[in-house]
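Below is one structure, written out as structure tokens; the observations come after it.
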Amino acid sequence: MGRAYVPYSHYPVGVAGLVDDGRVVSGCNVENASYGVGLCAECGMVSELAATGGGRLVAVWCVDGQGRTLMPCGRCRQLLWEFGAPDCQLQTPEGVLPLSAVLPQAFGPENLV
């Protein structure tokens, strides 16, 4: 979150994910003057995951500028599902939950036949 680009909202967000090969990937939110095209921290983390060799996320934690746990938005939950798995562990304000609990009946690659 310390590297977030947030000149409009002044609300930095950071995220870190543990990859199945032991790497840790991270991201921060990046705003844009055209508000709707800002990037969530999870987008940056998934981009780093892909750019550094891929793999599967096994655990993810997203925090605000004060270090408080944040719940990923719906779009980001979908990203985490795609690059994690139903059992990927997500730190939430209510404790650690598998993605299957925070995105029930998820749509994924297996639905594209």
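Basically this note's numbering = 1-based index in the sequence shown + 1036.
Glycine is no exception: its CB is placed at the ideal position from the N, C-alpha and C atoms.
Starting from Leu1106, follow the alpha helix (DSSP H) in both directions and report where the run begins and ends.
-> Run containing Leu1106: none; DSSP gives neither H nor E here.
Please list, in chain order, all residues of the same chain as Ala1142 whose beta carbon is under 6 Å from its beta carbon, the five residues on each side excluded.
-> Trp1117
Do Cys1064 and Met1037 have their C-beta atoms within less than 7 Å of each other?
-> yes
By DSSP, does Ala1069 sit in helix, in strand, or in coil?
-> coil
Give me whichever residues DSSP pairs with Ser1045 in a beta bridge.
-> Beta-bridge pairing links Ser1045 to no other residue.
Distance, Cα to Cα, Thr1128 vs Trp1097?
-> 8 Å
Can you name the start and end residues of the alpha helix (DSSP H) that Val1082 belongs to?
-> 1077-1087
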